[in-house]
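The numbering used here applies: residue 4 is where the sequence shown begins, and numbers increase by one. Structure record follows, encoded as structure tokens.
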Amino acid sequence: MDEDQRKTKTCVSTFRWVLRPQGWTKEKANGPSGTDGAAAARSKPGPPPATGPKPNLEPPRFRERLRDCSISEGSDATFQGVVSGSRPLTVSWFHDGQRVHTRHASFRNGVASLFLTRCPPGSAGVYTCVAENPAGQESSGAVLRVTAAEVPELTANELHGDDPGRHQDAGPEPCGEETQTDRGSLHFVDPPNHVEVAVGEQARLHCGFRSSSLPVASCWIYNKDRVVEAGPGVSVRTGETQSSLVISRACARDTGSYTVVVRNQKCSAAHTISLAVIDRPDPPASQPVVSQMSAQALVLSWMGPSYDGGTAVLGYVVEVREEGGAGGPGNWTQLTNQCKNTCYHVRSGLEPLGQYRFRVRAYNAAGSSEPSRESECVTMATERVKKEEPESYVTLSVDTEHKVRDHYNVHEQLGVGKFGKVFRLSHKETGQVCAGKFYQARVAKDKLAARREIELMKCLHHPKLVQCLAAYHTRSEIVMVMEYIAGGELFQRIVAENFEHTEPTCVRYVQQILDGMLYVHRQNIVHLDLKPENIVCVDTTGMQIKIIDFGLAAKLDEGKPLLVMHGTPEFAAPEVIGYEPVGVETDMWSIGVICFILLSGESPFQGNSDAETLALVTAACYEFDEESFEDISDLAKDFISSLLQKDRKSRLSCAKALAHPWMASFPALKGRATKSLKKDKMRRFLARRKWKKTGKAVLALKRMANLSNRPDSPGGFLEEPGWSPAAEEAIRALDRQLRSEPRFQRALTDAAVARGATAQLSCLVSGHPQPAVKWLHRDEPVSESLRVSAKRDGDGLCSLVVLDAQPSDSGVYVCSASNALGEATCSARLRVEL
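Next comes the structure, spelled out in structure tokens:
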């Protein structure tokens, strides 16, 4: 094979072999005339009388002949044939006419086998099995092809296509190894998945690849939308083994995904590299908001930057400036540069009655952002500590005359959910900071659901429940104004490094959840969506919590069963999954699951899929892992077991749960359970919850690597959504760049074989689309049979194999290759010697 054209070298040898009859000796061959052995065999054909057929003896016959085999260098190969005939029956093996002497040949139960191990390129050639007995002999031959170049394991970016030139009767390869065609012929070699550069630096995206055939064509596509072409500041270069894209001075707008699509004449492959151009982040999107203010401390919260600079934000710098001094405003001073969240508790450095402003900077690996907008001027409280007054509640009515913006300023978005978006609000007159839930209610059904939640919230007045402060319902919008809670999710708070997590603290949290739900249940209301995300902390320092999100809550009517088909699988009770009537006991199941996770960091019913999770919940199948509950009291396990009962009537009510010995023994636990509980499993639980929320998006991105490999469909992967018309056309154009008329890289050569031997004529043809090949003998098409077969592999190697060659097989053979662009022929003469 032409090494200039191919990186993979396939070795096939042809030979001349004369079968010598039994009784042949060197003396008989040379004789008085001095002829050589071959001449003697031709002048005295046939075996001597001693070896002639005997009565009632069946000559050897191959019921299953040897089959060709293609392997990689260093791999093993096996040839097998099934032989019948009268005993005694002997079997011999030959390689290119030379007897094979090996202990790895066997003949048992009529099966002749030859095992070749760790084959080098020199093992390639024709292997012949000769079976003989006193009644005669018969042979069967097959070709072994050894691919000299090592083929590495394929990556996920490779795509395997059909080979229309493969012989229909080839069947499974008996050698037990994947052939070159089976394994694919185009793949990337250790391509990068992510490249990160600073603004202004050179960005070089480089992909090396290996192709078993040339030429190759490639293109680069940005974000599946725009074809990247060479131009000012951009260079694109493609060779036979690599393709590279270089951006001389990268800027933020160059950030994105770059897909290189490579095609040869057989298949396609694609790989995507994400480029991150690192810059300083934008300033935080909102000014700091002050809450939980006392004489010398307060809590600041803000929104993160709208653009992180192309890499993760590492933290925030919080700065303060004193106002109202005799000399005017002071200088900005740093409070901390180690804040890791968008919330910070200022505990020192502030004076009673002092006036201050705050601002925040975000920073990443590239540097620090510009400061955020300054907070409003804050006046600290006096040193006198006022006695905490109980919360006061007002009965409100839905305002249908005004819009929320008539009374409140609408600030940044705080979150988004199934039913709408939540924004930070501030009252125009009092400055009170609130949260506004803007419902996406375009149809009557959604509007009814929004009004139902508002009506439920109007009658829920308890310190452990988020409070509804106002509601607006106009033709254009439905908004519920709620109290602003700045502490964040309870579970996120627990995993913080500086937060103590013990069994007594878990008891305190569960007590508060039970207190709030006891009040809810007494109103004949069920929450139906209790889960960790809906338990939040009042502030960042204390242990007070509140229950939020009553979007799925429902009122229980006596005598009217309530059936629901919503909820989160891990926290839903068996009756929800079974679509059976629910009740207040349904919430108790969810509290049991939350308590289980609080203590162990593991979800009791988490399966490998939602279906498996639902099956575990339906069966109420869970266990207390010995390691996870090593430091947990038996009372805690009993408490959980009393809630995770399959029969909802057997579960504890809120009142009975509050009276459980675990709750009552809270003071007694201090002496035993002050040991901090491990947080690593809870961190993994939270990470998995976060992953599940974005799992579908991740799966959609992974599908981008799937490409079709069919030669007649270079852009089959374009069925993936998102490709722009320009990108589709560029990918299809790769196939047109590769089109070429047929050409013989290696032509046929004349051959001569002895009568009864195996003859093989081989040539190597290229062209795209793949040429159709036909063989002619004496200007007539060759008819394939059990004795004559034409084969072609994926590399363009075409062979005509003639078993048990006869004089009538002599003559000129022509191989013709044609495609839409042209036709090429080559010929050779075969001579079968008598």
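All C-beta atoms in this analysis are idealised placements derived from N, C-alpha and C, irrespective of residue type, glycine included.
Using a Cβ-Cβ cut-off of 7 Å (strictly less than) and excluding sequence neighbours within five positions of residue i, which residues of its own chain qualify?
i           : result
residue 258 : 278, 279, 280, 313
residue 536 : 492
residue 477 : 403, 406
residue 98  : 128, 130
residue 565 : 557, 559, 584, 585
residue 342 : 318, 319, 321
residue 465 : 519, 522
residue 219 : 243, 265, 266, 267
Have a look at residue i and residue j and give me their C-alpha separation to the nearest angstrom.
i           : j           : result
residue 148 : residue 616 : 52 Å
residue 531 : residue 302 : 32 Å
residue 762 : residue 227 : 53 Å
residue 518 : residue 347 : 29 Å
residue 400 : residue 590 : 28 Å
residue 829 : residue 248 : 42 Å
residue 2   : residue 372 : With the chain covering 4 to 837 only, the question about residue 2 has no answer from this structure.
residue 419 : residue 548 : 21 Å
residue 267 : residue 311 : 40 Å
residue 180 : residue 270 : Bear in mind that a pLDDT of 32 at residue 180, under 50, signals an unreliable position, so the number given afterwards is only what the model happens to contain. Roughly 21 Å separates the two Cα atoms.
residue 643 : residue 429 : 41 Å
residue 317 : residue 685 : 22 Å
residue 139 : residue 92  : 10 Å
residue 593 : residue 408 : 37 Å
residue 656 : residue 529 : 13 Å
residue 337 : residue 331 : 19 Å
residue 474 : residue 461 : 9 Å
residue 114 : residue 770 : 41 Å
residue 826 : residue 143 : 34 Å
residue 515 : residue 377 : 36 Å
Determine, using beta carbons only, whether residue i and residue j come nearer to each other than 8 Å.
i           : j           : result
residue 791 : residue 810 : no
residue 127 : residue 82  : no
residue 831 : residue 751 : yes
residue 469 : residue 480 : no
residue 351 : residue 363 : no
residue 229 : residue 736 : no
residue 772 : residue 821 : no
residue 733 : residue 276 : no
residue 136 : residue 217 : no
residue 727 : residue 503 : no
Just to confirm my understanding: we take residue i, look at its own chain, exclude 5 residues before and 5 after, and list those with CB closer than 6 Å. What are they?
i           : result
residue 353 : 299, 383
residue 309 : 285, 288
residue 812 : 805, 835
residue 116 : 83, 109
residue 240 : 247
residue 660 : 517
residue 327 : 358
residue 250 : 206, 237, 257
residue 294 : 302, 489
residue 365 : 284, 287, 308, 316, 319, 372
Tell me residue i's beta-bridge partners as DSSP assigns them.
i           : result
residue 828 : 819
residue 485 : 438, 471
residue 855 : Residue 855 lies beyond the stretch modelled for the chain, which goes from 4 to 837, so this question has no answer here.
residue 1   : Outside the displayed span of the chain (4 to 837) sits residue 1, for which this structure offers no information.
residue 3   : Nothing can be reported for residue 3: it is not among the residues displayed for the chain, which extend from 4 to 837.
residue 74  : 149
residue 136 : 139
residue 301 : 349
residue 757 : 836
What residues in its chain sit with their C-beta under 8 Å from that of residue i, if we drop five residues either side in the sequence?
i           : result
residue 415 : 288, 289, 306, 426, 427
residue 840 : This structure leaves residue 840 out entirely; the chain is present only between 4 and 837.
residue 488 : 438, 469, 539, 540, 541, 549, 551
residue 211 : 191, 192, 193, 194, 244, 245
Please tell me whether residue i has its Cβ less than 8 Å away from any Cβ of chain B.
i           : result
residue 256 : Of the protein chains in this structure there is only one, and it is not chain B.
**Message:** When you compare the region 533-547 with the region 596-616, are there three or more beta-carbon pairs, one atom per stretch, that lie closer than 8 Å?
**Reply:** yes
**Request:** Examine the Cβ distances between the region 799-818 and the region 774-786 and report whether three or more of them are shorter than 8 Å.
**Result:** yes
**Message:** For the structure I just gave you, are there three or more beta carbon pairs, one from the region 445-465 and one from the region 549-559, closer than 8 Å?
**Reply:** yes
**Cβ pair count under 8 Å reaching 3, the region 494-514 against the region 576-591** = no
**Message:** Between the region 627-635 and the region 570-586, can you find at least three pairs of beta-carbon atoms closer than 8 Å?
**Reply:** no
**Prompt:** Are three or more beta carbon pairs between the region 82-96 and the region 59-74 nearer than 8 Å?
**Reply:** yes
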